[in-house]
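Residue numbers (the numbering used here), protein chains in the order written: chain B, 3 to 209; chain V, 1191 to 1296; chain D, 3 to 620. We put the beta carbon where it would ideally sit given N, CA and C, even for glycine.
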Amino acid sequence: MSHDHSIDPNNMPKDPAKATMEGKHKFLGLWIFLGGETVLFACLFGTYLALKDSAAGGPTTQELYGLGLVFLMTMLLLTSSLTSVYAIYHMKNNDFKKMQLWMGITALLGIAFLACEIYEFAHYIHDYGFTFRSSAFGSAFYALVGFHGGHVVFGLSWIIVLMIRNAKRGLDLYNAPKYNTFALYWHFIDVVWVFIFTVVYLMGMVS
Amino acid sequence: MPDKMSTRKINSFQKQKNKQEMQKMVVSFALMIFFTLVAFALVALEIPSTYVIPLLLILAVVQVGFQFFYFMHLKDKGHEVPAQIIYGGIFVTVLVALTFTVITWW
Amino acid sequence: MGMTSAQKSGFGATLWDWLTTVDHKKIGILYLAAGAFFFLLGGLEAVIIRIQLISPENDFISAGLYNEMITMHGTTMIFFAATPLLFGLMNYIMPLQIGARDVAFPFLNSLGFWLFLFGGIMLNISWFTGGAPDAGWTNYAPLSIQSPGHGVDYYVMGLQLSGAGTLMSGINFIVTIVLMRAPGMTYMRMPLFTWTTFVTSILVLFAFPALTVGLFLMMFDRMFGSAFFDAALGGNAVIWQHLFWIFGHPEVYILILPAFGVFSEILPTFAKKRLFGYTAMVFATFLIAFLGFMVWAHHMFTVGLGAVANSIFAVATMAIAVPTGIKIFNWLFTLWGGSIKINSAMLWSLAFIPSFTIGGMTGVMLASSVADYQYHDTYFVVGHFHYVIVGGVVFALLAAMHYWWPKMFGRYLHEGMGQLAFWTFFIGFHLTFFIQHFLGLMGMPRRYWVFLENQGLDTGNWISTLGAFFMTFGVIVFVINMIYTTIKGKKAPGDAWGTGRTLEWATASPPIHFNFKQMPLVRGLDPLWIEKMEGNEKMTPAEPVDEIHMPNGSILPLIMTIGFFIASLGFIYQAGNSYWLIAVYLGMAIGLICMLIRSLKDDHGYHIPKEEVEREDD
């Protein structure tokens, strides 16, 4: 067994992220973690569903939500999912520079999404007085959407650290699994968002 | 060396395959955007129907299916255990969602 | 490098080795040691509860302290004794049973342990900082929201820390079992203990996030003024009950399934017969896990969920008796016609079968939602769950200690003391808890500080307390046995019982730090037994002797945990004094910086050279 993790471009493994034992472990480990995350968000969604009508005299879902900003956020996050697919595509072709570029675009889209979310929360707090403490609905809303936002923050820190750390080193079999697990995590954030915009915003605007 | 030649060939074959896969990804992305547009349109146009909410949920589930099976490769070989785990998670999710909509009151 | 530090002697080097270890065997021992400490602590609390209830209107402890005792007894026993003791066994034994050299994520394994330990420490600090949690181990809102002081806050943060650790271990075990089995070790050749570890880990994966969310909501309500459980602002306390039991019921199976696995190892070994109905056992394990996820509302029959919901959950609960029954009969058939050797491990196992069956039968009684209105919150329930948890899990842990002690420490536990501990504990257990069923049926509610005179409860409670003293004696004998064995115990060979069937018995006692010199080739169920039947002294190797790749030790998990521990203390006290936010930021910074270091610093592990591997005897 060889001790170094460099990639031989003439003998490129089909999937560099799963070419080593460690890579296989990381790949499966992240998937299993996502199984647990599914239940975590399920419980937050459940809490939201049980409390969404408990506005305690404050603004209701219909008064609060607006379609435009949510649509913009959805497009940003969905697109960032595709750009991370592009990054992994270039990883499989051993094109490190393009991979970094697409990961960078993914991160920028993520930051834009986060900016929208911060704006949204600030808007609710200042213009509606709708806070984490104002009603059970408020608590449930900020807990669910905030947890998702927290995941976005974590994902962004993760990819930025990865990109800086490996900028000079290039792609090898040691860091390829790390990029790949990030991409999976990022897709999962998107999955959760699809349910947030459907269950929280769209269903909240239909009476 | 003939040996090296053959690996190059496999490499270009792999490149071709990666490209084909990427095209599928773009198609599924287009479909996801389409489903999103339909969902937002249903709400924006204020279609008065009892079917809107079930329809929104179906659109979300289909879209998430694309995300899982294509973007995250859950349909591919070697993803059997992850698929089982995610199905388990979805099972618990359904239980939890039912609980909090049907049997949680004072 | 791990090798050099292990060979250095001296207290400092040894301590450093244990603090930085990522070896699954050492982490297993750490889990066992910490779990045993918390078990004794929880046991002490139990004895105090029983002394308070020895006579009517006793005032041995105050009402408030009594509430703290019952809360801490339950919480400690479930989260910080039973769970870690089982996780210790899984950590030590499972990789050996599948022929692996370590778990899939050694770093995470260490982090999981430290998080659990500091969670337990956090919970118990509350005794010294103005009062322990006192809202029961289920911590129901709104009682827990209104509980004054910081006791419940310690409960929330302590469980959050240890819960995160448990979740990590669960993920780790699943990946290990899926990807690291030795050549030939197919799924259907895995020993039952490995199977139950696998299924338990899946339960951990899906159950613990519900607790995490529940604890977060509780934390937000108590420390940040949110309104999840605050009826005045539209909150709903039933949400806590659902989240707690969506976690809590699978947790019961998280405890009992590994116990089933332990018995499924011990009975074939000492009956000298292969496990009867292996396939059915595996199937039943999955079925129990699956059904175990759909029955949580049977803890909530009296909440008023409605007749339909109650009926569904009642039927699902009763259905669990079927796969459990399959298991009971398979154990009996394993014994049938075997050449049975009775020793301490076997005594605990044999005692388990009837004791646990009684607990199972009262479980079916409780599952009847109509009758449950009578049983609910009485000593009948207390009797029931102690029969399954003590009669199932604690018996399994003690059986496993006797069975695997020679493997883990290279010495046999003393047989005489083992049997003395067994008989006193066994008799004491039935004295304590059998009578509680009748106390419950006579109307004695659980969690009450005192009971009145001449209501027919006096004698029953006196007997129950007497039994608790018997159990205490048994535990003390067991502790003495452990100390005695460490000093003077008889040395054990690799196949300590001579009739070992599974791979862990093919290693040295205790195993060398990379477990297997060469990966064993597994040729069927009970691989070691197959080799022995063919006259081979040891396993057929699946690979030539070669250098071995091992993970590096690290101090980061411990520092990271200390960081989150400091942050948790900060969270508890920032509500009253915003200076404590400094602790929050400082602690989080320590934790995140450790994560950053882990991410930035490459860790490729190290290789043990071939020559050195060859020098080791196996």
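Is N1201(V) helix, strand or coil by DSSP?
-> As a position in the second sequence, residue 1201(V) is number 11, starting the count at 1. DSSP, read as helix, strand or coil, puts N1201(V) in helix.
For M552(D), the first and last residue of its enclosing beta strand (DSSP E) | Counting from one through the third sequence, the residue named residue 552(D) turns up at place 550. Where M552(D) is concerned, the enclosing beta strand (DSSP E) stretches over 550 to 552.
Who are the Cβ neighbours of A369(D) in its own chain at under 7 Å, not counting the five residues just before and after it?
-> As a working mapping, residue 369(D) is identified with position 367 in the third sequence. H300, A316, T319, M320.
List, in order along the chain, the chain V residues whose C-beta lies closer than 8 Å to that of L2(D)?
-> Nothing in the structure corresponds to residue 2(D), since chain D is present only between 3 and 620.
Using 8 Å as the threshold, is the segment 92 to 107 of chain B in touch with the segment 115 to 128 of chain B, meaning 3 or more CB pairs across them?
-> no
Can you name, in chain order, every residue of its own chain whose Cβ lies under 8 Å from the Cβ of M1195(V), other than the five neighbours on each side?
-> Walking along the second sequence from the start, residue 1195(V) turns up at place 5. With a pLDDT of 40 at M1195(V), under the threshold of 50, the modelled position of this residue cannot be trusted; read the value that follows with caution. Here the set comprises nothing.
Under 9 Å Cβ-Cβ, which residues of chain D neighbour Y50(B)?
-> Within the first sequence, numbered from 1, the residue matching residue 50(B) stands at position 48. By Cβ distance, chain D contributes nothing, its closest Cβ being about 10 Å from Y50(B), past 9 Å.
Should A143(D) be listed as close to the ligand ADP, given that the test is whether its C-beta is under 7 Å from any heavy atom?
-> This structure lacks the ligand ADP, and indeed carries no ligand of any kind.
In the DSSP assignment, what residue or residues form a beta bridge with T380(D)?
-> Here residue 380(D) refers to the residue found at position 378 when the third sequence is read from its first residue. Residue pairing of T380(D) in beta bridges, as defined by DSSP: P447(D).
Straight-line Cα distance separating W407(D) from Y414(D) = Position 412 of the third sequence, counted from the first residue, corresponds to residue 414(D). Position 405 of the third sequence, counted from the first residue, corresponds to residue 407(D). Roughly 6 Å separates the two Cα atoms.
Output yes if chain D places a C-beta closer than 8 Å to the C-beta of S141(B); else output no.
-> Numbered from its first residue, the first sequence carries residue 141(B) at position 139. Yes, S141(B) counts as interfacial toward chain D.
Using a Cβ-Cβ cut-off of less than 8 Å, list which residues of the segment 123 to 141 of chain D approach chain B; keep chain order.
-> none
Runs of alpha helix (DSSP H) wholly within the segment 276 to 357 of chain D (minimum 4 residues, chain order) | 280 to 294, 309 to 321, 323 to 337
Along the segment 279 to 303 of chain D, what residues have a CB closer than 8 Å to any CB found in chain V?
-> F295, M296, A299
Would you mind giving the Cβ-Cβ distance between I72(D) and I100(D), rounded to the nearest angstrom? I have them listed as a contact below 8 Å.
-> To locate residue 72(D), count along the third sequence from 1; it is residue 70. To locate residue 100(D), count along the third sequence from 1; it is residue 98. No, I72(D) and I100(D) are not in contact; Cβ-Cβ is about 40 Å, not under 8 Å.
From the DSSP output, in three-state form, read off Y156(D) for me.
-> As a working note, residue 156(D) is residue 154 in the third sequence. In the structure shown, Y156(D) sits in a helix (DSSP, three-state: H, G or I).
What does L1247(V) reach in chain B if we use C-beta pairs closer than 7 Å?
-> Translated into positions along the second sequence, residue 1247(V) becomes position 57. What L1247(V) touches in chain B: T200.
For the alpha helix (DSSP H) containing Y486(D), list its first residue and its last residue.
-> Taking the first residue of the third sequence as position 1, residue 486(D) is located at position 484. 460 to 490 is the span of the alpha helix (DSSP H), which, as asked, contains Y486(D).
Three-way DSSP call (helix, strand, coil) for K180(B) in this model = Numbered from its first residue, the first sequence carries residue 180(B) at position 178. Helix at K180(B).
So is K612(D) buried or exposed if we call it buried at 16+ other beta carbons inside 10 Å?
-> Counting from 1 along the third sequence, the entry for residue 612(D) is found at position 610. K612(D) comes out exposed.
Under the rule that 16 or more other beta-carbon atoms within 10 Å means buried, what is V586(D), buried or exposed?
-> Residue mapping note: residue 586(D) aligns to position 584 of the third sequence, counting from 1. Buried, by the Cβ-count rule.
State the CB to CB distance for the pair A142(B) and Y67(B), rounded to an integer number of angstroms; the pair is presumed to be in contact (CB under 8 Å).
-> Start at 1 with the first residue of the first sequence, and residue 142(B) comes out as number 140. Start at 1 with the first residue of the first sequence, and residue 67(B) comes out as number 65. Contact doesn't hold; Cβ gap of about 14 Å is too wide.
Integer-rounded CB distance, given that G430(D) should sit under 8 Å from M473(D) | The sequence position of residue 473(D) within the third sequence is 471, counting from 1. The sequence position of residue 430(D) within the third sequence is 428, counting from 1. The Cβ separation is near 4 Å, so the contact holds.
Does any C-beta atom of chain V lie closer than 8 Å to the C-beta of T76(B)?
-> Taking the first sequence and counting its residues from 1, the one referred to as residue 76(B) is at position 74. It does: the Cβ of T76(B) has a partner Cβ on chain V nearer than 8 Å.
Return the first residue and the last residue of the beta strand (DSSP E) that I610(D) is part of.
-> Stepping through the third sequence from its first residue, residue 610(D) is reached at position 608. I610(D) -> beta strand (DSSP E) spans 608 to 610.
State the beta-bridge partners of R413(D) as determined by DSSP.
-> Mapped onto the third sequence, residue 413(D) falls at position 411. R413(D) pairs with K493(D).
Whole-angstrom distance between Y375(D) and T199(D), CA atom to CA atom = Translated into positions along the third sequence, residue 199(D) becomes position 197. Translated into positions along the third sequence, residue 375(D) becomes position 373. Each residue's alpha carbon lies about 35 Å from the other.
Mind reading off the beta-carbon distance from V396(D) to R448(D)? Whole number of angstroms is fine, and I expect it under 8 Å.
-> Residue mapping note: residue 396(D) aligns to position 394 of the third sequence, counting from 1. Residue mapping note: residue 448(D) aligns to position 446 of the third sequence, counting from 1. Actually they are not in contact, since the Cβ atoms of V396(D) and R448(D) sit about 20 Å apart, beyond 8 Å.
Ignoring anything shorter than 4 residues or poking outside the segment 559 to 590 of chain D, list the alpha helix (DSSP H) runs there in chain order.
-> none
Contacts around F358(D), its chain only, beta-carbon distance under 6 Å, and the 5 residues preceding and following it disregarded = Here the question's residue 358(D) lines up with position 356 in the third sequence. The residues are G393, G394.
Element boundaries [alpha helix (DSSP H), containing T76(B)] = Looking up residue 76(B) in the first sequence gives position 74. Residues 69 to 94.
Proximal residues to G60(B) (C-beta, below 8 Å), its chain only, five neighbours per side dropped = The residue labelled residue 60(B) in the question sits at position 58 within the first sequence. Cβ within range, chain order: Y130, G131, F132, S136, S137, F139, G140.
Nonlocal neighbours in the same chain, by C-beta distance under 6 Å from L77(D), ignoring five residues either side = Counted from its first residue, the third sequence places residue 77(D) at position 75. The sequence shown places Thr at residue 77(D), rather than the Leu named in the question. If we look at T77(D) and ignore the five residues flanking it on each side, its Cβ neighbours are W139.
Would you say K170(B) reaches chain D, if we count a Cβ-Cβ gap shorter than 8 Å as a contact?
-> For the purposes of this step, residue 170(B) is taken as residue 168 along the first sequence, with counting starting at 1. So, not an interface residue.
Residue of Y187(B), G206(B), V201(B), L175(B) minimising C-alpha distance to A21(B) | Residue 21(B) sits at position 19 when you count from the first residue of the first sequence. A check of alpha carbon separations from A21(B) across Y187(B), G206(B), V201(B), L175(B) identifies L175(B) as the nearest.
For P58(D), the three-state DSSP class (helix, strand or coil) | Here the question's residue 58(D) lines up with position 56 in the third sequence. Coil.
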